[in-house]
Structures are given as structure tokens and as C-alpha cells.
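Position in the sequence shown counted from 1, then plus 1259, gives you the working numbering.
What follows is a set of notes on a single structure, which appears directly below.
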Amino acid sequence: MVHDGLELLFDGEGHRIALTELAGRGISIYGQHELVKDLVAARLATGRPLLFEVSGVRVSDVDSPVVEFWHEGRLEQLHCDILAGCDGYHGISRPSIPAGALRWYERDYPYAWLGILAEAPPSSEELIYAYHERGFALHSMRSPRITRLYLQVRPDEDPAAWPDERIWAELRTRLDRRAGFTLADGPILEKGVTALRSVVVEPMQHGRVYLAGDAAHIVPATGAKGLNLAVADVSVLAPAIADFYAGDPSGLAAYSERCLRRVWRVQHFSWWMTSMLHRPDDGDPFTHRLQLSQLRYVAGSRAAATSLAENYVGLPLERR
């Protein structure tokens, strides 16, 4: 699904940010499982091996990486020239790097998202980011028949305390507007609480291990930039690996420096969106007024809306 805009909802009024008009392009929405299916199909089409159901995976010798794992009852070893660590925040690539070689920068936010996947058609053609006195809400979608919705909650929130009826009632309250709004509901297929945090490790490489995606950085989901940032990392790493085998190691040497410029821009945007849209638990009226001021500025200023749009659709990928 391709979207040309998004909506900021506050003070009971919706304000459309015209992404394509302001930034020159829109956004595409699809389930990450669809991306995985495409990647698996692309790999299988090459006729090269792709192993599932492996266990006991570990990495040794970051200067000449060896990946050891069990597969179909046999202990296997894979000797690598280069190890691309694309295995997520809880993967094994980053922990294989010696202690002290990486610097950590992180921030935990004082709120989380209660997210649901519902068998219900989207109630809006575009995403809705709602700022409400009871907390943030997001109306998103996975397909024309499946809706994703989120509510700001405490980080220690128990999903069991939110029966389906309470979730739908709270969503209707936070997504309501003076002109009226009908939220389509349906069976809730998934439910869970996700903490919001920012993490960056520097550098994103050590020896012959190169970290990409969540293995190197985490962004709060408010800016919708996690997958985009991972793809941006790989768009730098892949040609650098090809150049390495062609006899030019300069791209690999500069990998971390090139990626981190984008990483910190995306971190700032994601922090800014998160700080602007989430109500603090203490109900601080000063912060509330600051947030409303920022939202009104973005909604009323073409320059401010353009800045949001450019960062939201994503900065251009680096090319050779």
C-alpha cells in the first residue's frame, strides 16, 4: 500500500501532512513477513544454500570470523572473509565483539505501546498519529483487511489488564475528533506491549564483523524508521563487500562512519516524534503546552511540515 500523506490529530482536529507534495515521494506499507518471503525467494532463486532450524550458533575470531552451528545433527563450521551481523538486537554478532570495543549510547523512554493486530479494515486511508490528553494513539494498517493500532501505556503495563472491549473503547476516545470518526473494529489477532528505546553502538564494525540494522541500533517506533535504517546500512555494506573482493577495501574501512551519520539523524527524528506525541505520566502542563505548540507549528508551517515529511519518507540511500 502506497501512501502520499499522514495525519496529525490533536485538539480534536486532523491535519494532513502531504508527504509526496512536500518531500517528492510517499511511503510504502507492507508486513515485514512479506519482505522476509521475498528475501527467501530471492536467495533460493540463486541456487545457493539457505539453512533453517540451526542451533547452537556462535561466532569466534572476529578478525577471521568462524561461525559454528548445529544442523541436522551435525556440527558445522563456516569460515568467513567477512561477517555481516544482520541478526537483530538479541543476535550473536554484536556479543562476539570483545568487551570494551564498542561504545553504547542509549535512552529508555517512560512509556510503551500496547499494540494490536485486528481483523478489521482500516478506518482511514492514511496513518493517523493522535496526540490526546489520555496519551498517544496510532492508527496504521497491514493490508486492506488487517489493521494495526497502538496505545501509549506505561512500560510495566500488563496486556492482560486490557480486554478487547477496553482497548477498542480507548482507541475510540483517543482517535475521536469534532467532525466525528468511526473506528472499524473486529477480532483482535495479536496483542502485546513494546517498550520504546533508543540505542546506538559505535563503531558499527570491529575486525571483519560489520553490524547492520537492529544489531547496531534501535529507534522508537514513532518515526517508523527501524526497517528503513537497516536497509540503508545494507545499501552501504553490500557494495563495500563487492569492492573488497575487487581489491578495494576502502568502503569497508569507512562503513561505520558513513552509516552513523544517517543513524544519528534518524535517531534525532525518532526522538523528536516520540517527544512531541507522547503525554508524560506526571501530566506536566508545561510540557503539554510545549507539545501543542510544536504540533501547531508543524501543522501550520510549510517549512516545518516539509522537514517532517523529508525525514519520515527517509533520506535518499547512498549510491556509489
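In this text, a Cβ means the ideal position worked out from N, Cα and C, and glycines have one as well.
Quick caveat, the model's predicted, so the values are computed rather than measured.
In this structure, DSSP gives P1369 an extended state, which the three-state scheme calls strand.
Between the alpha carbons of I1387 and L1310 lies a gap of roughly 40 Å. Y1571 counts as buried, since at least 16 other C-beta atoms from the protein chains shown sit within 10 angstroms of its C-beta. Assignment of E1280 by DSSP, reduced to helix, strand and coil, places it in the helix class.
Going by DSSP, K1484 is part of no beta strand (DSSP E) at all; its letter is neither H nor E.
Judged by beta-carbon spacing, R1456 lies within the 8 Å limit of P1479, meaning their Cβ atoms are closer than that value. Nearest neighbour of R1275 by Cα position, chosen from E1577, L1576, L1554, turns out to be L1554. Judged by their CB atoms, F1440 and L1536 are not nearer to each other than the 8 Å cut-off. The three-state reading of DSSP puts M1400 in strand, counting E and B together. Per the C-alpha coordinates, the member of R1425, G1273, H1391, R1433 positioned closest to Q1550 is H1391. Residue range 1333-1338 is occupied by the beta strand (DSSP E) that includes H1338, with no alpha helix (DSSP H) assigned at that position. Under a 10 Å Cβ-count criterion, V1295 is classified as exposed, with fewer than 16 other Cβ atoms of the shown protein chains found around its own Cβ. With contacts defined as CB atoms closer than 8 Å, L1574 and R1524 qualify as a contacting pair. For T1533, the enclosing alpha helix (DSSP H) begins and ends at 1514-1536.
Residue state for I1351 is assigned as coil, using DSSP reduced to three classes. Spanning the alpha carbons of I1286 and I1341 requires a straight line of approximately 33 Å. For H1330, the enclosing beta strand (DSSP E) begins and ends at 1325-1330. The C-beta distance from Y1348 to L1373 rounds to 21 Å, too long to meet the 8 Å contact threshold. Contact between I1477 and I1447 is ruled out by a C-beta separation of about 26 Å, above the 8 Å threshold.
Exclusion of the five residues before and after Y1556 leaves A1563 as the residues of its chain whose Cβ lies within less than 6 Å of its Cβ. Residue burial is scored here from C-beta neighbours: Q1526 has at least 16 other C-beta atoms within 10 angstroms and is therefore classed as buried.
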